[in-house]
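S.K.:
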Amino acid sequence: METLYVLVLTVAMAVALAGPRLGLALWPAQPAASADRVAVLLLLAGGAAGLVLLLRGLGPLFLSRDELTWLLPAPIPRRGLLLPALIRALTIGAIAGSVLALVGAARLAARPIAGADLAGWLSVGAAGGVLLALLAVAAQRGPGYWRWLDGSLPAILVVLGAAALLARVHPLPAPAAGAPPPLPVTIGVVAVTAALTALAVRGLARLPDARLYEPSATVGSYLDAAYAVEPSFLTDLRERRYWRRRALRTRPLLPRRRWLVPVQQDLLVLRRRGWRVAWLLAVTPLPALLTAGPRWLPALALVVGAGTAGGVTLDALRRDAAHPALLRLLGLTGRRAVTLRSIVPILLATVWSGLAVALLGLLGGLPPGPWWALGLAFGPTAAMLAVRRARAGQIDNALPLIDTPMGAIAPGPLMWLTNGADVLLFAVPTLFALLAPVSPAWGWVGAQVVLSALALAGYLNFGVDRRRPQV
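Residue numbers (the working numbering): 545 to 1015.
(1) With Ala638 and Ala670 assumed to form a contact (beta carbons below 8 angstroms), what rounded beta-carbon distance in angstroms separates them?
(2) Taking Ile631 as the reference, give the member of Trp988, Leu605, Leu899 and Pro656 with the closest Cα.
(3) Please name the residue in Leu958, Ser608, Leu968 and Ala589 whose C-alpha comes closest to that of Ala850.
(4) If we ignore side chains and look at the alpha-carbon of each, how far apart do Gly624 and Ala683 end up?
(5) Does the separation of the CB atoms of Gly951 and Ala893 fall below 7 angstroms?
(6) Bridge partners of Ile953, per DSSP?
(7) Spatial neighbours of Gly913 within its chain, please: C-beta separation below 6 angstroms, excluding the five flanking residues on both sides.
(8) What are the uninterrupted segments assigned as alpha helix (DSSP H) that are 4 or more residues long and contained completely in the stretch 576-634, given in chain order?
(9) Beta carbon of Thr962, beta carbon of Ala900: below 7 angstroms?
(10) Spatial neighbours of Thr877 within its chain, please: C-beta separation below 7 angstroms, excluding the five flanking residues on both sides.
(11) What are the boundary residues of the alpha helix (DSSP H) that Ala761 is part of?
(12) Are the stretch 821-841 and the stretch 862-875 touching by the rule of at least three beta carbon pairs closer than 8 angstroms?
(13) For Leu844, which of Ala556, Val703 and Leu978 has the nearest alpha-carbon?
(14) Is the beta carbon of Ala769 less than 7 angstroms from the beta carbon of Leu778?
(15) What is the residue span of the alpha helix (DSSP H) that Asp661 lies within?
(16) With burial defined as no fewer than 16 other Cβ atoms inside 10 Å of the residue's Cβ, what is the status of Met928: buried or exposed?
(17) Only counting the same chain, and skipping five residues up and downstream in sequence, which positions put a Cβ closer than 6 angstroms to that of Gly672?
(18) May I ask you to verify whether the stretch 721-740 touches the stretch 584-599, counting CB pairs closer than 8 angstroms and requiring at least 3?
(19) Taking DSSP as the reference, what is the three-state secondary structure of Ala653?
(20) Measuring CA to CA, which of Gly1002, Leu958 and Leu814 is closest to Ala558?
(21) How is Ala875 classed by DSSP in three states: helix, strand or coil?
(22) Which of the three DSSP states, helix, strand or coil, is assigned to Trp571?
(23) Is the beta carbon of Glu774 sitting closer than 7 angstroms to the one on Ile946?
(24) In whole angstroms, what separates the C-alpha of Trp571 from that of Leu644?
(25) I'd like to know whether the C-beta atoms of Val888 and Thr857 end up nearer to each other than 7 angstroms.
(26) My assumption, with CB atoms under 8 angstroms, is that Leu756 sits in contact with Val805. Please give the rounded CB distance.
(27) Going by C-alpha distance, which of Thr613, Pro724 and Asp580 is nearest Pro656?
(28) Counting C-beta neighbours from all protein chains within 10 Å, is the total for Ala699 16 or more, i.e. buried, or is it exposed?
(29) Is the distance from the Cβ of Ala744 to the Cβ of Leu678 below 7 angstroms?
(30) Are the Cβ atoms of Thr730 and Val668 separated by less than 7 angstroms?
(31) Could you spell out the range, first to last residue, of the alpha helix (DSSP H) harbouring Val856?
(32) For Thr925, count neighbouring C-beta atoms within 10 Å of its own C-beta (all shown protein chains included) and say buried if the count is 16 or more, exposed if not.
(33) Report the start-end ranges of each alpha helix (DSSP H) in the stretch 982-1006 that is 4 residues or longer and not cut off at the edges.
(34) Starting from Ile939, follow the alpha helix (DSSP H) in both directions and report where the run begins and ends.
(35) Mapping DSSP to helix, strand and coil, what is Thr741?
(36) Mapping the DSSP letters down to three states, classify Asp1009 as helix, strand or coil.
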């Protein structure tokens, strides 16, 4: 109950603080301009594809540990055992589809919009979300089918992103501000969804047991992390799950270069994760695509994207922080280990932020200036943010509670979430140029280079242990 109380209190405070501003951003007074409607449609399609990927990551059908251990092998009706799991998956799809429909109505529907018209949008969206959930359930049943689905959805997302970028460069024919779907169409979509749901319920008895073990174990670990309020468990779980599916390979390292072992290991990990690098390159236009929204949205996308790019190889740093045995064997101090582990993240974050800010300057309607150079100068600061996040460790639940008008709240999770945000003080030139926006001269680039160098030097000299092999 305490965990539920903290969760409800956190959501209530977030809604109270950011609800009005977020509502104005999500539901503007007028629909999107004609040039932006194609991009909105493409992004909604990308959200639908992302929903299927999310459901596939969850199973979407899974059982609790007790059900998996005792009820699944028992001679009981399979349909009754799996029906709650199916209802749960369809509910997630309906909620996500309703949210996508609400966003689509906010950006595409003609004003004013009546309550009945909004209900039509939400009904079609919920039915579409249920259809996507049924697609994920069908993919869980057949191995050959889900391999094709999981391989095609990322490609679809990349194509949709490229098309949205093309719509910003070369305006495509845009639809007019739309009316709600006609009532016969809404009834037809709901009827088809109900029929397919009945077929899915009928096919639950034929779902193999092997399709339930891994999703159930994964979701159980997620729930354990949520119950313990320990997000670091999720990172470790994701890593173990990824490497468990990979074949073991051996690559020789450079001999007699023990101080280069961390860099060589990061390069090997980067080679094995080429798909993630490709994904990062594919989403570099995202800040430019978000310029139609509030000004802070592209800046937030830049910070999150550059930090994510810098964190591709930082799982080894998390492991060094938890188990420093390798550092002791190599004879590396904490400062030298963090310095070596930061080389690849700095390169990745610098390249990603340079490309993203260059596209933002070309396509985002910003004043002319050396945006690409400003993005390159911002990269090391984003890498330091990722390094700080990787060394965050577990949540400190020993801190005293903070009394608020809505009740007491533990500061440990909040401090864990905001860990590394202070590094953004060294990114003031880049963030101010994006938020103002102003035309950055080369002096801005020089100031950002100096601040990034100060962030690197200060963190490596004062933020890590310089004597012991402890990260």
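From the three backbone atoms N, C-alpha and C, an ideal C-beta is built for every residue, glycine too.
M.R.: By the coordinates alone:
(1) As a working mapping, residue 638 is identified with position 94 in the sequence shown. As a working mapping, residue 670 is identified with position 126 in the sequence shown. Confirmed, Cβ separation roughly 4 angstroms.
(2) The sequence position of residue 631 within the sequence shown is 87, counting from 1. The residue with the shortest Cα to Cα distance from Ile631 is Leu605.
(3) In the sequence shown, counting from the first residue as 1, residue 850 sits at position 306. Here the closest residue by C-alpha is Leu968.
(4) Taking the first residue of the sequence shown as 1, we reach residue 624 at position 80. Taking the first residue of the sequence shown as 1, we reach residue 683 at position 139. Whole-angstrom Cα-Cα distance: 20 angstroms.
(5) For the purposes of this step, residue 951 is taken as the residue at position 407 of the sequence shown. For the purposes of this step, residue 893 is taken as the residue at position 349 of the sequence shown. No, the pair does not count as a contact, with Cβ atoms beyond the cut-off.
(6) Here residue 953 refers to the residue found at position 409 of the sequence shown. According to DSSP, Ile953 bridges with Ile946.
(7) In the sequence shown, the residue the question calls residue 913 occupies position 369. Once the five neighbours on either side are set aside, the close Cβ partners of Gly913 are Ser983 and Pro984.
(8) You should have 581-602.
(9) To locate residue 962, count along the sequence shown from 1; it is residue 418. To locate residue 900, count along the sequence shown from 1; it is residue 356. Cβ atoms of Thr962 and Ala900: not closer than 7 angstroms.
(10) In the sequence shown, the residue the question calls residue 877 occupies position 333. Hits under 7 angstroms: Asp1009, Arg1010, Arg1011, Arg1012 and Pro1013.
(11) Walking along the sequence shown from the start, residue 761 turns up at place 217. Segment Ala754 to Tyr771, the alpha helix (DSSP H) holding Ala761.
(12) Contact fails: fewer than three Cβ-Cβ distances are below 8 angstroms.
(13) Position 300 of the sequence shown, counting from 1, holds the residue named residue 844. Here the closest residue by C-alpha is Leu978.
(14) The sequence position of residue 769 within the sequence shown is 225, counting from 1. The sequence position of residue 778 within the sequence shown is 234, counting from 1. Cβ atoms of Ala769 and Leu778: closer than 7 angstroms.
(15) Taking the first residue of the sequence shown as position 1, residue 661 is located at position 117. Looking at the DSSP string, the run of the alpha helix (DSSP H) that includes Asp661 is Gly659 to Arg685.
(16) Numbered from 1 along the sequence shown, position 384 holds the residue referred to as residue 928. Around the beta carbon of Met928, 16 or more other beta carbons lie within 10 angstroms, which makes this residue buried.
(17) Locating residue 672 in the sequence shown gives position 128, counting from the first residue. Cβ within range, chain order: Gly641.
(18) Touching, no.
(19) Taking the first residue of the sequence shown as position 1, residue 653 is located at position 109. In the structure shown, the three-state DSSP call for Ala653 is strand.
(20) To locate residue 558, count along the sequence shown from 1; it is residue 14. Proximity to Ala558 across Gly1002, Leu958 and Leu814 peaks at Leu958, based on C-alpha coordinates.
(21) Here the question's residue 875 lines up with position 331 in the sequence shown. This sequence places Gly at residue 875; Ala is not what is there. Coil.
(22) Numbered from its first residue, the sequence shown carries residue 571 at position 27. In the structure shown, the three-state DSSP call for Trp571 is coil.
(23) For this step, residue 774 is matched to residue 230 along the sequence shown. For this step, residue 946 is matched to residue 402 along the sequence shown. No, the pair does not count as a contact, with Cβ atoms beyond the cut-off.
(24) Translated into positions along the sequence shown, residue 571 becomes position 27. Translated into positions along the sequence shown, residue 644 becomes position 100. Taking the straight line from one Cα to the other gives about 13 angstroms.
(25) Counted from its first residue, the sequence shown places residue 888 at position 344. Counted from its first residue, the sequence shown places residue 857 at position 313. Inclusion of Val888 and Thr857 in the CB contact set at 7 angstroms is warranted, their separation being smaller than that value.
(26) Along the sequence shown, one-based indexing puts residue 756 at 212. Along the sequence shown, one-based indexing puts residue 805 at 261. Taking C-beta atoms under 8 angstroms as the contact rule, Leu756 and Val805 fail to qualify, at a distance of about 41 angstroms.
(27) Start at 1 with the first residue of the sequence shown, and residue 656 comes out as number 112. Just measuring C-alpha positions, the residue of Thr613, Pro724 and Asp580 sitting nearest Pro656 is Pro724.
(28) Position 155 of the sequence shown holds residue 699. Under this definition Ala699 is an exposed residue.
(29) The count along the sequence shown starts at 1 and reaches residue 744 at position 200. The count along the sequence shown starts at 1 and reaches residue 678 at position 134. Yes, the pair counts as a contact, with Cβ atoms nearer than the cut-off.
(30) In the sequence shown, residue 730 corresponds to position 186, counting from 1. In the sequence shown, residue 668 corresponds to position 124, counting from 1. For Thr730 and Val668, yes; Cβs fall inside 7 angstroms.
(31) By 1-based counting over the sequence shown, the position of residue 856 is 312. In the DSSP assignment, Val856 falls outside any alpha helix (DSSP H) and carries neither an H nor an E.
(32) Counted from its first residue, the sequence shown places residue 925 at position 381. Per the 10 Å Cβ criterion, buried.
(33) If we require 4 residues or more, the alpha helix (DSSP H) runs fully inside the stretch 982-1006 come out as 986-1006.
(34) Taking the first residue of the sequence shown as 1, we reach residue 939 at position 395. Counting along the chain, no alpha helix (DSSP H) covers Ile939, and no H or E run does either.
(35) Your numbering for residue 741 matches position 197 in the sequence shown. Reduced to three states, the DSSP call for Thr741 is helix.
(36) What you label residue 1009 is simply residue 465 of the sequence shown in a count that begins at 1. Looking at Asp1009 - three-state DSSP - the assignment turns out to be coil, as it is neither helix nor strand.
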